[in-house]
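Undergrad: Below is one structure. I have some questions about it.
In this note's numbering, the protein residues as written are 1 to 230.
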């Protein structure tokens, strides 16, 4: 199992120099004023809850949605709620709904269809945590977008755009098992609002510093220059 893109390429026998350059975020696309009550306006029962939000394609295996739902079923924290935002994938929405019903957590899990533009940014901004427990990922842009609007993250190692998220105090990294993810969600539920705000501020600062398109473009130029002058 590769722990990084470079490890994966090396495992395939690639021996040429490799430069990994992260995706960028266009901060000008983020509206100045977001509807930070978007989730509560859609689901009034979310008021006062600790809202965990997933945004992405509803692919249960790749995105780890089966693990996320099972982890939520293990939570005894009544104030926690899960909002799943994104388009259906090969009929998976119905499967996920049935899974939620079988586990008896229909009052804790809320499904939203695909969202775009201002609405997408507002859904991200209305959550307390962004969560993405993928088993396999490329470069999860949604995680960067959530961090860009000041949201702490709960990510699997495969989905982590920031492997040091826990140490840097901007979120948590979790293994992709229901037990491990449930433990991390409990920790996230135990944080007070002040700490949530601090974590979110760190998450935004991290993205501003490392994932602006200016930073990404410079890394590409510097990389080409280094390879061409070897």
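All C-beta atoms, glycine included, are put in the ideal place defined by N, C-alpha and C.
Are at least three pairs of beta-carbons, each pair with one atom in the stretch 145–161 and one in the stretch 41–48, less than 8 Å apart?
TA: Result no; under three Cβ-Cβ pairs closer than 8 Å.
Undergrad: Out of curiosity, what's the CA-to-CA distance linking residue 180 and residue 172?
TA: By one-based count along the chain shown, residue 180 stands at place 180. By one-based count along the chain shown, residue 172 stands at place 172. So the two alpha carbons sit approximately 11 Å from each other.
Undergrad: Starting from the C-beta of residue 290, find all residues in its chain whose C-beta is less than 6 Å away, skip the five residues before and the five after it, and write them out in chain order.
TA: There is no way to answer for residue 290, as the model of the chain reaches only from 1 to 230.
Undergrad: Quick check on the DSSP output: the beta strand (DSSP E) that includes residue 110 runs from which residue to which?
TA: As a working mapping, residue 110 is identified with position 110 in the chain shown. First-last of the beta strand (DSSP E) with residue 110: 109–112.
Undergrad: Since I believe residue 154 is in contact with residue 174 (beta carbons under 8 Å), could you give me their beta-carbon distance rounded to a whole number of angstroms?
TA: Counting from 1 along the chain shown, the entry for residue 174 is found at position 174. Counting from 1 along the chain shown, the entry for residue 154 is found at position 154. Sure, about 6 Å apart at Cβ, within 8 Å.
Undergrad: Tell me whether residue 220 is buried or exposed, calling it buried when 16 or more other Cβ atoms sit within 10 Å of its Cβ.
TA: Working through the chain shown from its first residue, we reach residue 220 at position 220. Classification of residue 220: exposed, given that the 10 Å Cβ count is below 16.
Undergrad: Span of the alpha helix (DSSP H) holding residue 72?
TA: Position 72 of the chain shown, counted from the first residue, corresponds to residue 72. Per DSSP, residue 72 belongs to the alpha helix (DSSP H) from 65–74.
Undergrad: Measure the C-alpha to C-alpha separation of residue 35 and residue 123 and round it to an integer number of angstroms.
TA: Position 35 of the chain shown holds residue 35. Position 123 of the chain shown holds residue 123. Going from the Cα of residue 35 to the Cα of residue 123 covers about 8 Å.
Undergrad: What is the DSSP secondary structure of residue 96, reduced to helix, strand or coil?
TA: The count along the chain shown starts at 1 and reaches residue 96 at position 96. If DSSP states are grouped into helix, strand and coil, residue 96 belongs with the helices.
Undergrad: Return yes when the C-beta of residue 209 is under 7 Å from any heavy atom of the ligand COA, and no when it is not.
TA: The ligand COA is absent from the structure shown, which contains no ligands of any kind.
Undergrad: Skipping 5 residues on each side, what residues in its chain have a beta carbon closer than 8 Å to that of residue 199?
TA: The residue you call residue 199 lines up with position 199 of the chain shown. So the list reads 152, 169, 170, 171 and 191, once near-sequence residues are dropped.
Undergrad: Residue 51 and residue 99 - do their beta-carbons sit closer together than 8 Å?
TA: By 1-based counting over the chain shown, the position of residue 99 is 99. By 1-based counting over the chain shown, the position of residue 51 is 51. It is not a contact, given that the beta carbons lie outside the stated cut-off.
Undergrad: Express the C-alpha separation of residue 176 and residue 134 in angstroms, rounding to a whole number.
TA: If you number the chain shown from 1, residue 134 lands on position 134. If you number the chain shown from 1, residue 176 lands on position 176. Computed Cα separation, rounded: 7 Å.
Undergrad: In whole angstroms, what separates the C-alpha of residue 106 from that of residue 197?
TA: Along the chain shown, one-based indexing puts residue 106 at 106. Along the chain shown, one-based indexing puts residue 197 at 197. Rounded to whole angstroms, residue 106 to residue 197 spans 29 Å at the Cα level.
Undergrad: Using only the alpha-carbon positions, how far apart do residue 3 and residue 141 sit?
TA: Against the chain shown, residue 3 aligns to sequence position 3. Against the chain shown, residue 141 aligns to sequence position 141. No answer about residue 3 holds up, because its pLDDT of 46 lies below 50 and its placement is not dependable.
Undergrad: Starting from the C-beta of residue 206, find all residues in its chain whose C-beta is less than 8 Å away, skip the five residues before and the five after it, and write them out in chain order.
TA: For this step, residue 206 is matched to residue 206 along the chain shown. Here the set comprises 147, 162, 168 and 170.
Undergrad: Does DSSP put residue 85 in a helix, a strand or coil?
TA: On the chain shown, position 85 is the one that residue 85 refers to. If DSSP states are grouped into helix, strand and coil, residue 85 belongs with the strands.
Undergrad: Report the option in 23, 13, 11 and 17 whose CA atom is closest to the CA atom of residue 214.
TA: Position 214 of the chain shown, counted from the first residue, corresponds to residue 214. With distances taken between Cα atoms, residue 214 lies closest to 23.
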